[in-house]
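Encoded as structure tokens, the structure appears first; notes follow it.
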Amino acid sequence: MKQRIFNLITFLCVACTALQAASIGTWKAYRAYSDITDVQQGGNMLYVLASKSLYTYNKNDHSLQLYDKTNGLSGTDISFIAWSQTVRKLIIVYTDGNIDLLSADGRTTNILGYYNASVAGDKTIYGVDINGKFAYLSTGFGVVKVNMDNAEIAETYHLGFRIDYTYIDGAKLYVASSVQGLYAAALSSNLLDKAVWARVGDYQAYVKSIDDALLTQVKSLKPGGPKYNDFGFLLFKHGKLYSVPGYADNLPAVIQIFDGSDWAVTNEKQPSLNHVFVNFAALSVDPTNEKHVFACGQTGVYEYLNNEMVKEYSNHNSPLQTASTVGNNNRNYVVTTGLCHDNTGNLWVMNSISPSTSILELQNDNTWEAFYHKELMVYNNRSWENMADVMFDSRGLMWFVNNFYRVPALACYQPATDVIKTYPTITNQDGTPLQIGYVRCVEEDLDKNIWVGTNVGPVYLSASEIANNGNTFIQVKVARNDGTNFASYLLSGVDILSMAIDGAGRKWFGTNGNGVYLISADNQTELQHFVASSSPLLSDEVQSIAIDDASGVVYFGTSKGLCSYQSDATKAADIMTKETVYAYPNPVRPDYTGPITVVGLTYDADVKIVSAAGYLVKQGRSNGGTFVWDGTGTNGRRVPSGIYMVQTATQDGDKGTVCKIAIIN
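With numbering that gives the first Met the number 0 as the guide, the letters of the sequence shown map in order to residues 0 to 664.
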């Protein structure tokens, strides 16, 4: 019997090697490392600051180590790094004032004293200088002295003006201010007393340069990652994550594509273009060819094939129009803020702020058709200012929003009849009009309801309301469970920037300052609430969300870059077969105490974990196509070593398939 178990475990080790996935609850960060701004040396280790991110290069074994919030750092965007040879630690200063110390052995220590301090004036840190075991932080109000040995704030010198850099010469500490000049004080004096500081000269600009020899050593390194940390728009398609930075602040016009291991990045510099080339707002992938991609933004629509631009569309070669607010056929403002393919491959484009067009179609034969709709024309005969988040639902209806304060609205367009319906006001089931400033995003759930994210929370149009051409939105009520019959509206007052529906019908809401919420399929339970202060989420401003339905990985495009979370839900399978239903990790080794995941299930499948002797160990239902087992039995303790059968049945009770899990204690 033991030999049979050993043989089966050996088989499972081999068969499941290629099927392993990240454990449920695992976070990953995808940081850019393209722009090197500092290199510090500590022994055989080079510490590289690039694109506000940190990695190390070990000169002995030539290994690279990436550092981020998922593996020890407490922050994301790094302003400065500096090495103290005295204590053999690297100080890491973040843009928000948070501070970490990274020891030579890779351990990190967080110093929250400055981040949490209430300071009158500018708390920005403008520079870091090391002297022995101390780091001197130049701030907007003075100098902060950090003891890197004890990991604490030693002293704070409130000088009342901005300090740009410091240095020690002889027995004096010098502080240089671009506002007030050069000041100094004796190290032996009470530096906390502002009176001991004297102006000793004029300010001289100092630009810190990277050691050429160190820079040469790291320039050829390939830490991977995207080129930029801007992910305002995400789309998961054909097993790949497609992204563009978003329409804001002159962001690069670039497409970044992640295939699960490597990044492909289009060229944001196009010498052949004689106009501004920035601010890609959205993209769409040809449903018939994953290498055929269109992006839109400030200056029109751009067509890519194999990551190379092959054509641009503007007011010069298409019905697209220049923004009416600039006029004169200004090529720098052919504003296209949304686009999406239909299921036949036609591309639909939103032309915002245009004089007479709003919706355009680029057909498969490469011909254009423009559609005028007075419902989309406002204020001096121009189209809605920010028609975005375009999507086709399961009925073939095209939905989009106007994410702008003048006319915050939802729209539904029927391409077959060229009929449009707009929702300039949102009234809930109680007859109350919501005071909405922005309509941000739109998504269809598994029940064909249309969810809308606004700056005052989420609402949805039910499938029946859509079928009856109704106008009443459901603002979900959640029981307070406080002994009363009262209920609160779901996420009332929360600014919803983005959302996605996972394979279990659960809603992921990305917010403007409140992180990410995961809400149950019945909309009644908050399953997760991730915020940057207590999770590896990079920022509480979550601009975009995309889900890999096959793996359950949820990607978050935040104001500080891209990260992901391994969820416990995948897209449900149509049928369950022995080839597609499997568990991981498998075998489960003695040192593993995490969740065991079964995938390839049909929606809401009944799952039973049974011992080899036929005893029921655990029972439940799938989240979409996934079931998670904690490895315990009915008594709550880890089950004994052995082979366990996963027996499945469909939602309707039809028998599914069986897979096996080996537990080794």
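Even for Gly, the Cβ is constructed at its ideal location relative to N, Cα and C.
As the structure is a prediction and not an experimental result, all values here were calculated from the model.
In this structure, residue 181 keeps its C-beta atom at 8 Å or more from the C-beta atom of residue 205.
The beta carbon of residue 459 is closer than 8 Å to those of 444, 448, 449, 450, 451, 472, 473, 475 in its chain, skipping five residues each way along the sequence.
Measuring C-alpha to C-alpha distances from residue 58 to each of 72, 48, 230, 40 identifies 40 as the nearest. Of the residues 157, 136, 156, the one whose Cα lies closest to the Cα of residue 147 is 136. Within its own chain, the residues whose Cβ lies closer than 7 Å to the Cβ of residue 461, once the five positions on either side in sequence are excluded, are 448, 473, listed in chain order. A residue is called buried once 16 or more other Cβ atoms fall within 10 Å of its Cβ, and residue 197, having fewer, is exposed. Look at the segment 191-241 and you find these whole runs of beta strand (DSSP E), each 3 residues long or longer: 197-200, 232-236. One alpha carbon belongs to residue 427, the other to residue 437, and they sit about 16 Å apart. In this structure, the straight-line span from the alpha carbon of residue 383 to that of residue 359 is close to 14 Å. Under the three-state reduction of DSSP, residue 660 is assigned to strand.
Linking residue 612 to residue 24 through their CA atoms gives a straight-line distance of about 32 Å. Exclusion of the five residues before and after residue 361 leaves 346, 367 as the residues of its chain whose Cβ lies within less than 6 Å of its Cβ. Judged by DSSP secondary structure, residue 152 falls within the beta strand (DSSP E) whose first and last residues are 151-157. Secondary structure at residue 373: helix, using DSSP grouped into helix, strand and coil.
If you look at residue 112, you'll find it in the alpha helix (DSSP H) that goes 112-115.
Below 8 Å, too few C-beta pairs join the segment 480-488 and the segment 543-551 to call them touching: fewer than three. Per DSSP, the unbroken beta strand (DSSP E) holding residue 442 starts and ends at 438-443. In the DSSP assignment, residue 141 is bridged to 157. Taking C-beta atoms as the reference points, residue 603 and residue 650 count as a pair closer than 8 Å. Between residue 186 and residue 170, the beta carbon gap of about 5 Å places them in contact (Cβ cut-off 8 Å). Proximity of the segment 37-57 to the segment 524-544 falls short of the contact definition, fewer than three beta-carbon pairs being nearer than 8 Å. Residue 487 sits in a strand when the DSSP states are folded into three classes.
Within the segment 457-532, the runs of beta strand (DSSP E) at least 3 residues long that lie entirely inside it are, in chain order, 476-478, 486-488, 495-500, 506-510, 515-518, 525-529. In the structure shown, residue 276 adopts coil according to DSSP, grouped into three states. Looking only at 634, 566, 659, 643, the smallest Cα-Cα distance to residue 624 is reached by 566. Just measuring C-alpha positions, the residue of 381, 364, 664 sitting nearest residue 324 is 381. Closest in C-alpha terms to residue 179, from the list 210, 153, 139, 413, comes 139. Measuring C-alpha to C-alpha distances from residue 424 to each of 396, 415, 418, 453 identifies 453 as the nearest.
Considering only 416, 596, 607, the residue with the shortest C-alpha distance to residue 626 is 596. Your pair residue 378 and residue 357 does not check out as a contact, with CB atoms roughly 13 Å apart and the cut at 8 Å. DSSP places residue 61 in the coil class of the three-state scheme, outside both helix and strand. Of the other Cβ atoms in all chains shown, fewer than 16 fall within 10 Å of the Cβ of residue 61; this residue is therefore exposed. Taken through DSSP and simplified to helix, strand or coil, residue 360 comes out as strand. By the C-beta density criterion, residue 224 is buried, having at least 16 other C-beta atoms within 10 angstroms. Comparing alpha carbon positions, the residue from 344, 191, 355 closest to residue 364 is 344. Distance from residue 184 to residue 191 at the Cβ level is roughly 10 Å; contact not present, criterion being Cβ atoms closer than 8 Å.
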